[in-house]
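Chemist:
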Amino acid sequence: MSHIEVRDVSLVYDTPAGRVPGVQAANFDIEASEFLCLLGPSGCGKSTLLNIIAGFLSPTGGEIRIGGKAVTGHGLDRGVVFQDFAQLFPWRTALGNVTFGLEMKGVPKQEREEIALKQLQLVKLEKFANAYPHHLSGGMQQRVAIARALAYNPAVLLMDEPFAALDAFTRDDMQRLLAEVWRETRKTVIYVTHNVAEAVYLADRVVVMTPHPGTVKIEVPIRLPRPRDPLSVEFLEYQKELLRQLGPAATGQATNGKAND
Amino acid sequence: MNAPSPGTRSILRATVTILAAAAIYEIIARSGIFPRALLPTLTTVADTLVSMIADGSMLRHAGYTLYRMLFGFSLAIVIGLPLGILMGRFRAVEQFFLPLASALMPIPSLAWVPVFILWFGLGNTTTVLIVFYAAMFPMLLNAWSGVRSVNQIWLRAAGVMGADENSLFWKVIIPGASPFIITGLRQAFQRAWIAVVGAELIATSDWGLGWVIYDAKEFLNADVMIASLAVIGCIGFVFERLVFGSLERNTILRWGMARVAKG
Ligand SMILES: Nc1ncnc2c1ncn2[C@@H]1O[C@H](COP(=O)(O)OP(=O)(O)OP(=O)(O)O)[C@@H](O)[C@H]1O
Ligand SMILES: [Mg+2]
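Residue numbers (my numbering), protein chains in the order written: chain A, 1 to 261; chain B, 1001 to 1263.
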């Protein structure tokens, strides 16, 4: 049995202007400890799908099963990292943000601070434990958000373009760091992106979606040793393959992710 | 010498402004355009103030006024803040209280004074209730807006991490709405301060800064009036700077949820 099963998941948004399909009959599985990328052009429904898996939205059709059980609503088995830097609580220090989930679980103060500090070490921010978010750069804030999502030890980490708003250099660093964090924690990760290179760098498998109204087009396993070399021939081959799958309309956008966020 | 701290500098700047205003007043007072009895010089006012402080009467007046003001203001916070938050959080509460607030809010608090005197008589109760009425609505409305403006992503993030309604309330909504809540406290305080003096003018009969001003009118004691006005201004200023200023510095400024003005 796969860790997460996405079965015929559809969602239609009811808007004042009419009904808008968000995602249509998506099907795929994620194995435990797998790193899966959801790749697709803007507006195809990646965020919608991730929000359904996170439990923020209820699908209008189909279901999500985690560990064999259909899920509704969010739960402590899933951690979420959003794209928006504003996700951190500005009134809490980096450490305070990371301890939040443990606090909700009722873990005693000293213990949760020890755990949180370890998480901050994992994302290399232990020196900034007592800094407030507005004194941290965008990349640092996203690292705190990752540490925060990991701190209460969920089995699944859901990430919606967490690095899309960062500059290219920082983003490269962050991808490397995330690959390391994943190797150490062995979480099941679902990572949304519309950047092809990012998908090839991070994923065990890439689920490519069709343009809006989106559904799963094809799954592409990335069989490259880690850590991956973005300049290798095989890496570029995978990029080409994914671009081909995305189709001509998406090409400009997908290769030039940073300009189109 | 070290550069002065931002706090010291802001006090210096405030002092300069006030000294300039006082100098202009003094020039006009001494010019003889108006009779001295109506426009006493600052030295006369200062003499009066010192003697009123020395005989303890000024402290007693200020004490009464502060007591009434803080009583009404606290009442407004204790009721207005939770109610505003509940209005922002629960649609039913909003639908019930918003029309009521919208209808009552435009009525100036001082217009209630005669009515309240009729109901509660002259004295503390009426004054406290007037203050409460004046301070209630800024507190309520700011808390309400604050809750509605809390970033959705914080609620989602907290929800994912297992926050229940109680934790959401104390650990996300209140701090998330704090810029509005602090604005609400400030406005409520200003209104309360205005209302207490206004209500005392009419509704009290022995002590209070408002009453002493009104009473001084009988004897054309302009110096007493102005001395009392100065005390009212000073107390308001001290609260604004010390209480709300430090509250703000320790919360929303520290968290980057508000910024100091440029320059
Ligand atoms: N709250 C909403 N109300 C109505 N329609 C929505 C809403 N959110 C998304 N949609 C629609 O659903 C479709 C999928 O949106 P979604 O945000 O999931 O796309 P996405 O793949 O994440 O795009 P991007 O890469 O730009 O973030 C879009 O066409 C959009 O118009
Ligand atoms: Mg999206």
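All residues carry an ideal CB built from backbone N, CA and C; glycine is no exception.
Being a predicted model, the structure only gives us computed values, none of them experimental.
1) Between the segment 1069-1077 of chain B and the segment 1117-1133 of chain B, do three or more beta carbon pairs fall short of 8 Å?
2) Can you pull every residue whose C-beta falls closer than 6 Å to some heavy atom of ligand 1, listed in chain order?
3) Could you tell me whether the Cβ atoms of Leu-166 (chain A) and Gly-139 (chain A) are closer together than 9 Å?
4) Which residue comes first and which comes last in the beta strand (DSSP E) that contains Val-123 (chain A)?
5) May I ask you to list, following chain order, the residues of the segment 1169-1181 of chain B that have a beta carbon less than 8 Å from some beta carbon of chain A?
6) For a test of the three-state rule: what should DSSP assign to Val-107 (chain A), helix, strand or coil?
7) Any C-beta of chain A sitting closer than 9 Å to the C-beta of Trp-1255 (chain B)?
8) Note down, in chain order, all residues in the segment 1238-1254 of chain B with a beta-carbon under 9 Å from any beta-carbon belonging to chain A.
9) Could one say the Cβ of Val-1260 (chain B) lies closer than 9 Å to chain A's Cβ atoms, at least one of them?
10) According to DSSP, is Met-1105 (chain B) part of a helix, a strand, or is it coil?
11) Could you check if Val-192 (chain A) belongs to the surroundings of ligand 2, using beta carbon to heavy atom distance under 8 Å?
12) Show which residues of chain B have a CB atom less than 8 Å away from the CB atom of Tyr-191 (chain A).
13) Tell me, which residues are paired with Ile-30 (chain A) by DSSP?
14) Please compile the residues from chain B whose C-beta is within a distance smaller than 9 Å of the C-beta of Gly-79 (chain A).
15) Relative to the C-alpha of Met-174 (chain A), which residue among A:Thr-185, A:Glu-161 and A:Ile-190 is closest?
16) To the nearest angstrom, how far is it from the Cα of Phe-1097 (chain B) to the Cα of Leu-1185 (chain B)?
17) On the DSSP bridge list, what partners appear for Ser-10 (chain A)?
18) Here's the rule: buried if 16 or more other CB atoms are within 10 angstroms of the residue's CB, otherwise exposed. What is Glu-1200 (chain B)?
19) With a cut-off of 9 Å, does the C-beta of Tyr-264 (chain A) fall near any C-beta of chain B?
20) Give me the residue from B:Asn-1221, B:Val-1243, B:Ala-1177 and B:Glu-1094 with the minimum Cα distance to Ala-1302 (chain B).
21) Compare the C-beta of Arg-1068 (chain B) with all C-beta atoms of chain A and state if any pair is closer than 9 Å.
22) Any beta carbon of chain A sitting closer than 9 Å to that of Ser-1149 (chain B)?
23) Contact criterion: CB-CB distance below 9 Å. Does Gly-257 (chain A) meet it with respect to chain B?
24) Sort out for me which residues DSSP pairs Asp-331 (chain A) with in a bridge.
25) Would you mind reading off the limits of the beta strand (DSSP E) that contains Met-1161 (chain B)?
26) Anything in chain B within Cβ reach of Ala-86 (chain A), meaning under 9 Å, just list it in chain order.
27) Looking at the strands, I want to know which residues DSSP matches up with Thr-15 (chain A).
28) Which residues of chain A have a Cβ atom closer than 8 Å to the Cβ of Ala-1143 (chain B), listed in chain order?
29) At 7 Å on the CB atoms, spell out the chain A contacts of Ser-1167 (chain B), in chain order.
30) Just tell me which of A:Ile-30, A:Ile-115, A:Lys-69 and A:Gly-68 has its CA closest to the CA of Leu-50 (chain A).
31) Chain A partners of Thr-1021 (chain B), CB-CB under 8 Å?
32) State yes or no: is the C-beta of Glu-161 (chain A) nearer than 8 Å to some heavy atom of ligand 2?
33) Among B:Thr-1125, B:Glu-1094 and B:Val-1224, which has the Cα closest to the Cα of Thr-1264 (chain B)?
34) So what's Met-1139 (chain B) in DSSP terms, helix, strand or just coil?
35) Counting only the same chain and skipping the five closest in sequence on each side, list residues whose C-beta sits under 6 Å from that of Glu-1094 (chain B).
Modeler: In terms of the structure at hand:
1) yes
2) Checking every Cβ against the heavy atoms of ligand 1 under 6 Å gives A:Tyr-13, A:Thr-15, A:Val-20, A:Gly-22, A:Gly-40, A:Ser-42, A:Gly-43, A:Cys-44, A:Gly-45, A:Lys-46, A:Ser-47, A:Thr-48, A:His-194 and A:His-212.
3) yes
4) Unbroken run through Val-123 (chain A): none, as it is neither H nor E.
5) Lys-1171, Val-1172, Pro-1175, Gly-1176 and Ser-1178
6) Reduced to three states, the DSSP call for Val-107 (chain A) is coil.
7) yes
8) Thr-1251, Ile-1252 and Arg-1254
9) no
10) coil
11) yes
12) The contacting residues do not exist; Tyr-191 (chain A) stays about 16 Å from chain B at best.
13) Partner(s): A:Ile-4.
14) Chain B residues near Gly-79 (chain A): Val-1160 and Met-1161.
15) A:Glu-161
16) Answer to the nearest angstrom: the Cα atoms are 20 Å apart.
17) A:Gly-61
18) buried
19) Here chain A covers residues 1 to 261 and nothing more, so residue 264 (chain A) does not appear.
20) The requested residue 1302 (chain B) is not part of the displayed model; chain B covers only 1001 to 1263.
21) no
22) no
23) Unreliable positioning characterises Gly-257 (chain A) in this predicted model, as indicated by a pLDDT of 42, which lies under 50. The coordinate reading is nonetheless provided below. With 9 Å as the cut-off, Gly-257 (chain A) does not count as an interface residue toward chain B.
24) Look at the range of chain A in this structure, 1 to 261, and you will see that residue 331 (chain A) is not part of it.
25) Where Met-1161 (chain B) is concerned, there is no enclosing beta strand (DSSP E), given that its DSSP letter is neither H nor E.
26) Contacts between Ala-86 (chain A) and chain B, judged by CB atoms closer than 9 Å, involve Asn-1151, Ile-1153 and Trp-1154 in chain order.
27) Thr-15 (chain A) is bridged to A:Gly-18.
28) In chain order: nothing, as chain A lies at least about 17 Å away.
29) Under the 7 Å cutoff, chain A gives Met-104.
30) It is A:Ile-30.
31) Inspection of the sequence shows that residue 1021 (chain B) is occupied by Ala rather than by Thr. By Cβ distance, chain A contributes nothing, its closest Cβ being about 37 Å from Ala-1021 (chain B), past 8 Å.
32) Relative to ligand 2, Glu-161 (chain A) has its C-beta within less than 8 Å of a heavy atom.
33) Here chain B has residues from 1001 to 1263 only, and residue 1264 (chain B) is not among them.
34) helix
35) Met-1087, listed in sequence order.
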